[in-house]
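Residue numbers 1 to 400, in the UniProt record's numbering, belong to the letters of the sequence shown in order.
Below is one structure, written out as structure tokens, with a few remarks after it.
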Amino acid sequence: MRAIDSSHKITHRGIISEKILLGKWKEYVAKKELTRLYKQLHPKTFGVSVSQHLDLEDSEYVGRITIGTPDQTFNVAFDTDSSNLWVPDKTCDLVGGKCTDYCEPGNWLCPAFCDYPSCCHLGNSDSSRIFKKPNNLITCGGKHLFDSSKSSTYKKNGQQFTIPYGNDNTTGYLGMDTVRFGDVFTKPLVIPNTTFGLATYISNDFNDDDIIDGVLGLGFTSLAVDGVVPPLINAYNQHVIDRPLFTVYLQVVYSVDVVGGVITYGDIDTQNCGPVIAYQPLTAEGYWQFHMQSISAGNFSSSDGWDVISSIGTQYIGGPQGVVDGLAKAVGATWDEEKSMITEIGGGGGTCSWNVFPINSFGHGAAWVLGVPFITSFCNIYDFGQNRIGFAPVVGSAGK
Numbered sequence: 001m002r003a004i005d006s007s008h009k010i011t012h013r014g015i016i017s018e019k020i021l022l023g024k025w026k027e028y029v030a031k032k033e034l035t036r037l038y039k040q041l042h043p044k045t046f047g048v049s050v051s052q053h054l055d056l057e058d059s060e061y062v063g064r065i066t067i068g069t070p071d072q073t074f075n076v077a078f079d080t081d082s083s084n085l086w087v088p089d090k091t092c093d094l095v096g097g098k099c100t101d102y103c104e105p106g107n108w109l110c111p112a113f114c115d116y117p118s119c120c121h122l123g124n125s126d127s128s129r130i131f132k133k134p135n136n137l138i139t140c141g142g143k144h145l146f147d148s149s150k151s152s153t154y155k156k157n158g159q160q161f162t163i164p165y166g167n168d169n170t171t172g173y174l175g176m177d178t179v180r181f182g183d184v185f186t187k188p189l190v191i192p193n194t195t196f197g198l199a200t201y202i203s204n205d206f207n208d209d210d211i212i213d214g215v216l217g218l219g220f221t222s223l224a225v226d227g228v229v230p231p232l233i234n235a236y237n238q239h240v241i242d243r244p245l246f247t248v249y250l251q252v253v254y255s256v257d258v259v260g261g262v263i264t265y266g267d268i269d270t271q272n273c274g275p276v277i278a279y280q281p282l283t284a285e286g287y288w289q290f291h292m293q294s295i296s297a298g299n300f301s302s303s304d305g306w307d308v309i310s311s312i313g314t315q316y317i318g319g320p321q322g323v324v325d326g327l328a329k330a331v332g333a334t335w336d337e338e339k340s341m342i343t344e345i346g347g348g349g350g351t352c353s354w355n356v357f358p359i360n361s362f363g364h365g366a367a368w369v370l371g372v373p374f375i376t377s378f379c380n381i382y383d384f385g386q387n388r389i390g391f392a393p394v395v396g397s398a399g400k
């Protein structure tokens, strides 16, 4: 028998990415295009999929969790495209990191792809692929660090982990402790005996985002690094939540550190979301991937049918080049050279944000990624018990 009133509504906040605030967007896009080229040339090296890592691109949705006894507080980015929870360890920045697989000797693109040129000259064995951290590199500066010695409920594991993010890795070791979604000032979701990562080195992708300490993965166990049971699935297995699902309601974020919505764990959000319109079965366990039959705008429509991914870690809607071009032409959209995407639709005395960009799945995985613009229009119900995803309209003042 499961607990009564076991659903938990946790408010999260939206922030604007430092890549935009610091003027690094164009540089980021250039590197991203190089990555796409390399994926096309070397698909086996990458294990290509549409979204293999958290996209810290435009804005992020961040929530507060605590770990240990007494509580140690962290700000984590929510990610439905991964399944591990990790936060920085107190020893973060004292050691180097592990070179990514494609940063290897003899790779002609290594200098362009790798943030640490020394990786292009290291050997191929695991023990020799650890680079020395530059003295001026501080990846954990300003972040909250977990100190296991201060937690009476911490259990040592010690197994090493490596999670790829963009052109770099986050590395460290695993441990187990009590994790709480929310903080000491709310009604947190308390999950004992949760395995999480203690990062001793953090991917360079997180350097510009001081508010983000770590990542909370909301995907399936099959997607988890080292087969770790994801925190929310662990909560259901321990009867902490009544139903094996969670609801995501997002609000559009235009400024720094504002309320960005609510994630309801263990139930459907009936306060911000209307009746469920439909459920779609997942076409591949791991990502929240399902089938989309058609898409249309103006006088353009396409009924080719595609596998698509719902992703709260991606800030745009991405799809096949030909379809995106057709949609853009039909609605009179403007191409933004700086961001390499369609961002505005004119007419009616004003413009509106569309945020659609072309992607190439290279024949692997989903053809579309339905990111934040889609999820701010419809509540997404992620049902890991029945391997399906549901959609409900945003209601009342929530949709304004």
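Glycine included, C-beta positions come from ideal geometry on N, C-alpha and C.
All figures in this text were calculated on a predicted structure; none of them were measured in a lab.
The beta-carbon separation of G217 and D89, rounded to 18 Å, does not stay under the 8 Å limit for a contact. In the DSSP assignment, Y165 falls within the unbroken beta strand (DSSP E) covering 155-165. Within the same chain, and ignoring the five residues on either side of Q72 in sequence, the residues whose Cβ sits closer than 8 Å to its Cβ are T66, H144, F146, D147, K150, S151. The Cβ neighbour count for I277, taken over all protein chains shown within 10 Å, is under 16; the residue is labelled exposed. In the displayed model, T247 falls within a strand according to three-state DSSP. Assignment of beta-bridge partners to H291 by DSSP yields D307.
Remark: C-beta atoms of P244 and D93 do not approach each other more closely than 8 Å. Comparing alpha-carbon positions, the option among T91, T69, V87 lying closest to A77 turns out to be V87. According to DSSP, residue pairing for L370 in a beta bridge involves S310, I317.
A distance of 8 Å or more separates the beta carbons of N272 and V356. When P231, F246, D205, D213 are compared, the shortest CA-CA separation from I381 is found for F246. Distance check between Y201 and each of N193, D213, F378, P192 places D213 closest, using alpha-carbon atoms only. Look at G385 here: in three-state DSSP terms it is coil, with no helix or strand label.
When DSSP states are grouped into helix, strand and coil, D89 belongs to the strand group.
Distances from the alpha-carbon of N75 to those of L85, D177, T69 put L85 closest. Put simply, the backbone Cα of L198 is about 6 Å away from that of L174. Here the C-alpha atom of F196 lies approximately 16 Å from the C-alpha atom of N237. L327 and I163 have their C-alpha atoms some 36 Å from each other. Under the DSSP definition of a beta bridge, P393 partners with F378.
For L232, no beta strand (DSSP E) encloses it; the enclosing alpha helix (DSSP H) starts and ends at 231-237. By the C-beta density criterion, G63 is buried, having at least 16 other C-beta atoms within 10 angstroms.
A residue is called buried once 16 or more other Cβ atoms fall within 10 Å of its Cβ, and Y279, having fewer, is exposed. Listed in chain order, the non-local C-beta contacts of M292 below 6 Å within the same chain comprise W306, V308, local neighbours out to five positions each way being set aside. Residue nearest to S82 within the set Q386, F374, Y316, I312 is I312 (criterion: CA-CA distance). Taken through DSSP and simplified to helix, strand or coil, K9 comes out as strand.
For D304 and S203, the gap between their C-alpha atoms comes out near 38 Å. DSSP places N299 outside both helix and strand once states are collapsed to three, so it counts as coil.
Of the candidates Y316, K9, Q321, the residue whose Cα lies closest to the Cα of F181 is K9.
Here the alpha carbons of V323 and I295 stand approximately 9 Å from one another. Under the three-state reduction of DSSP, T69 is assigned to coil, being neither helix nor strand.
Around the beta carbon of P275, fewer than 16 other beta carbons lie within 10 angstroms, which makes this residue exposed. Beta-bridge analysis with DSSP links V190 to R180.
Rounded to the nearest whole angstrom, the CA to CA distance from A284 to L370 is 16 Å.
For T171, the closest of D177, Q160, P231 by C-alpha to C-alpha distance is Q160. G286 is not a Cβ neighbour of G390, given a cutoff of 8 Å. In the structure shown, A199 falls within a strand segment according to DSSP collapsed to helix, strand and coil.
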